[in-house]
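Residue numbers (this note's numbering), protein chains in the order written: chain F, 1 to 255; chain H, 1001 to 1311; chain A, 2001 to 2305.
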C-alpha cells in the first residue's frame, strides 16, 4: 500500500496542564477525503494549528509527501503543497477578491523581490487568480472589495486562495460554518469536484456534508481519536454515539 | 465628473515648490528658500518612513537615526578631509543600509508594542554613541566646512541645492510609488493587512519586511546626507527620538499609505511650527493636543479627509 | 572593592526606581493594552510636584503624600480626558496620542516652572550616612529608596496574586467587554489602574528628585530605559519587571563605573577614553540586543499572547 500523503503519529499538545491533542495518529491516503468530526472543544482547532505549523507540538511527527514537516514553519508547509482554509475567515479585507487570490498565486510563483513592475498588470499572476475565482463561483466578484463581500463569499474566497497555491492537499477548517442551506449545498458540490483532484482533510460539524463526501471519518474527542473508519462503521459505532449523545445528555442535565 | 481634490492639491503644491526659487530670487527673501529646502529634505525622510509605516505597518520610532547616520558619515568624512560627493554619498547610503540591516534583523523578530519600544531603544543607543564622539563634536555637533563636492554641481548655491533636493524627493516618491505596486510591495502590504494569512499562503514575511526596512533606512540616510549639507552641521539632535516622532507625525498628518501624503504632512507640520512659534514660545502646548485630536478624529490625515465621497 | 559595593548598591537603587516605572507601565499595558509614552511625563511631574510641595509646606513627608495624591489625580484625569478614547485602537494611535501628551506636558512644565530645573533638598533626618558593613558608608536616603520600592513590590505582588483585580491583571484581561461581563466596572477599573500607574511613576520621580533634580525631558530618557527593562523582562510580567530592573540598574551603574577602567586593560589609554563612555552608555542596549537574539519574548514573559 502506498504511503499516505499525510501521516500523523503520536501528536501531542499541552497547554499548561491541559492536553489538547492526545497522541493523535491519523493517516490520510492520497486522493481521499478524510473528515474529522467531534464535539466542540474536542481539539480540532489545535490539531489544525499543529498541522499547519502555527502551534508547536510536545511530541509526535507529521509526515507529508514522505517528508517530515514537524519542524517546518507555516510558510514552508504551504510551499510544500499543504493549503488551508480558516474557520474564521482570514482575508485581506482592504483588497479586492482578485488581489487576494493573486497574492496566493504570487507566493508560489518564485520569490517576490521584484521591485518595479506593477503586480496588478502581470497575467501570470492575474490569470490563475481569475481561474481560481471561477472555480469556486466568484468569477464575477473579482473586483469586489473583500470587506464588502458576504460571509458566504468570504468562505468561497478562502477556498479559492487555497486552490491558487496549487496544493497537493487541502486542510479545510469548517468551510460550511454559518452557511445557509443553498450555500452549503453549493459548497458540497464544489468539494465533491475538488475531491477528484486533491486530497482533502475536512473538519466539519455539518453531518450531512460529512457523510455525503467523506471516504473515511475520524472522531476526535478530548484530543483523542476514539474511532476511525468508513462512514457506515462510524455511524454504527457505539463509542461515537455515546460521545455525541453523552454530550447532549450533559447539556440537558445542566439545563 | 468631479475632480479629485487630492490631485488638485498635489498639483498646486508641486507648482508652488517648482516656482518658489523664482519668487525668492525676485523678492530677495532667502528665508523661504531655506525653510522649504528643509521641508523638502524632511519630506524625503517622511516618504521613506511611509514605506515601512504607511504601507508596511511597522511603527518605527527610531527612523530619525538614519538621518543622523547619513549626516554623520558626510560630517566625519568632511572632517577627515574627504569632501568629494562621489565618495561621501554612496558610503553614507551603504552605512545607513548596514545599520538598518542590523537594527531591522533584531527588531523585526518582534511586533506590536515590542517593536515600537525596541526601535526607540536602538535609536536612543545610537544617540548616545553620537554624543560620546568627542572627536566629532559630541553633544555640540560638528560643523561642515565644505559641502559635498560634485565637480560642476555647486551645492553651496542655495537655488541649485534646492532643486537638487526637490529632484531627489520627486525621484524617491516615484520610486516608492512603483515599489508599493510591485510584487514586493504587495508582499509588504499583504503582511500589513493580514500577517497570518500571508504565512498561510507561503510568504516568509520576515525577510521581505527586513528588506523593506533596509530600503527605508537607506532612503532616510539620503535625507540625512542632504540635511548635513543644508545645515553645514551635524549633531546628535538630528537623531533624537523626538525627531522620529516628528517624522511619524508628518506621515500620519499627510495621510499614511499615500504617495504624496508625507510631503503634504511635512509642509503642513513645518509651516505650522513656524507660524505657531511666531505666536508663542510655547507652541508645543498647542501642537501636543492638536496631535491627539488628529489621532482621534482625522486619522486618515489630510489626504484621507480629501478622499472623494462616493454616492 | 568598597567602591564596587557602593556601585552595586547604587545600581540596586536605580533598578528599584526603574521597577516602579516598569511596574506602572506593565499594569497599564497588561490590563488596558495601552502603550503609554507619556508615562515618563508623570515621572517628571512627580519630581516637580515634590519640589514644589516641599517648598510650600517645608515638610518632606507632606510633600511625599501630596505628590502621590496629586499624580494619582493627574493620572486619572488624563485617563478620563484622553486615554479612554484610545482604547481598542491600534498601537500607532496610542503612540501618536501619547506623544502629543509628552509635548504638551513638557511645554506646560516649562510654562509653569520655567526652563531651569528644580531642586529638592532632603530633610536632615534623611541626609545622613549609615555604616552598612565595616568601612562602607552609604546614604540613608538611597537605602530608603530601596526599602520603599521593595515595599511597593511586595504590595504589588499581593495585589496581583491575591485580589480580584490582580486576577484580571494576571489574565491579561485586555478584552474590555469580557472584563465587563465578569461584573467589573471596566471604566472605573481602567481609571483606577491608570491612576495607580501614574502614582508609581510620580513616586519614582519624587524619589529621584533629590538626587538628580527635576528637569524637563527627564521623563523620556528614563522611559526608554524602562522600555529596555520591559523588553528584557518580558512584557506583562511584574516578576519579569522586577528582575530585569535590578539587572538593568546594576549593569548600567556598575558598567559605567568600571568599563572604562576595564577597557584600559585591553586598549590604549586614548582608545579607552574614547570607547569607554560610548560603550558604557550603549551597554544596556547591547544586553537588550543579545536577549533579543536569544529570547525575543523576554526572560519571564507573562503569557504567550
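Think of the CB as a built atom: it goes at the ideal place given N, C-alpha and C, for glycine as much as any other residue.
- What residue 45 of chain F touches in chain H, judged by beta-carbon distance under 7 Å, is nothing: the nearest beta carbon there is about 14 Å away.
- In this structure, DSSP gives residue 2093 of chain A a helical state, which the three-state scheme calls helix.
- The region 2060 to 2077 of chain A makes no contact with the region 2231 to 2238 of chain A: fewer than 3 CB pairs, one atom from each, lie closer than 8 Å.
- Boundaries of the beta strand (DSSP E) around residue 229 of chain F: 224 to 229.
- If only complete runs of 3 or more residues are kept, the region 105 to 187 of chain F shows the beta strand (DSSP E) at 169 to 173, in order along the chain.
- Cβ proximity to chain H below 7 Å picks out 2274, 2277, 2278, 2281 and 2282 from the region 2253 to 2284 of chain A.
- Close partners of residue 2288 of chain A in chain H (Cβ separation under 7 Å): 1121.
- Secondary structure at residue 16 of chain F: coil, using DSSP grouped into helix, strand and coil.
- If you draw a straight line from the Cα of residue 1252 of chain H to the Cα of residue 1053 of chain H, it comes to about 9 Å.
- Positions of the alpha helix (DSSP H) runs, each at least 4 residues long and wholly inside the region 60 to 102 of chain F, are given as 74 to 80 in order along the chain.
- When secondary structure is reduced to three states using DSSP, residue 1157 of chain H falls in the coil class, being assigned neither helix nor strand.
- In the DSSP assignment, residue 1023 of chain H falls outside any beta strand (DSSP E) and lies within the alpha helix (DSSP H) extending over 1005 to 1027.
- Just so you know, the alpha carbons of residue 1216 of chain H and residue 1048 of chain H end up roughly 5 Å apart.
- Beta bridge pairing from DSSP links residue 2193 of chain A with no other residue.
- Around the beta carbon of residue 1007 of chain H, fewer than 16 other beta carbons lie within 10 angstroms, which makes this residue exposed.
- For residue 202 of chain F, the uninterrupted beta strand (DSSP E) segment begins and ends at 199 to 203.
- In this structure, the CA atom of residue 1257 of chain H is about 5 Å from the CA atom of residue 1055 of chain H.
- For secondary structure counted as the alpha helix (DSSP H) over 4 or more consecutive residues, the region 1174 to 1202 of chain H holds these complete runs in sequence order: 1183 to 1193 and 1195 to 1201.
- For residue 1114 of chain H, the uninterrupted alpha helix (DSSP H) run begins and ends at 1113 to 1131, by DSSP.
- Residue-level contact check: residue 1204 of chain H touches chain F, since one or more beta carbons of chain F fall below 8 Å from its beta carbon.
- Runs of the alpha helix (DSSP H) lying entirely within the region 2140 to 2165 of chain A and spanning at least 4 residues, in chain order: 2140 to 2162.
- Per DSSP, the continuous alpha helix (DSSP H) segment holding residue 2245 of chain A begins and ends at 2238 to 2266.
- A straight line joining the alpha-carbon of residue 129 of chain F with that of residue 210 of chain F spans about 28 Å.
- In this structure, the alpha-carbon of residue 162 of chain F lies about 6 Å from that of residue 84 of chain F.
- With a threshold of 16 other beta carbon atoms within 10 Å, residue 106 of chain F meets it and is buried.
- The bridge partners DSSP lists for residue 33 of chain F are F:200.
- In the DSSP annotation of this structure, residue 2235 of chain A is not part of any beta strand (DSSP E), being labelled neither H nor E.
- Beta bridge pairing from DSSP links residue 7 of chain F with F:27 and F:63.
- Around the beta carbon of residue 207 of chain F, fewer than 16 other beta carbons lie within 10 angstroms, which makes this residue exposed.
- Per DSSP, the unbroken alpha helix (DSSP H) holding residue 2079 of chain A starts and ends at 2060 to 2081.
- In this chain, the alpha helix (DSSP H) harbouring residue 1273 of chain H covers 1261 to 1279.
- Sixteen is the threshold: since fewer than 16 other Cβ atoms of the shown chains lie within 10 Å of the Cβ of residue 2081 of chain A, the residue is exposed.
- With three or more CB-CB distances shorter than 8 Å, the region 1285 to 1297 of chain H counts as touching the region 2093 to 2101 of chain A.
- Residue 1103 of chain H is positioned such that its CB atom lies no closer than 8 Å to that of residue 103 of chain F.
- Annotation for residue 1078 of chain H: 1144 place their beta carbon closer than 6 Å to its own, counting only its chain and skipping 5 residues before and after.
- In terms of beta-carbon proximity, residue 1055 of chain H stays away from the interface with chain F, with every pair separated by 8 Å or more.
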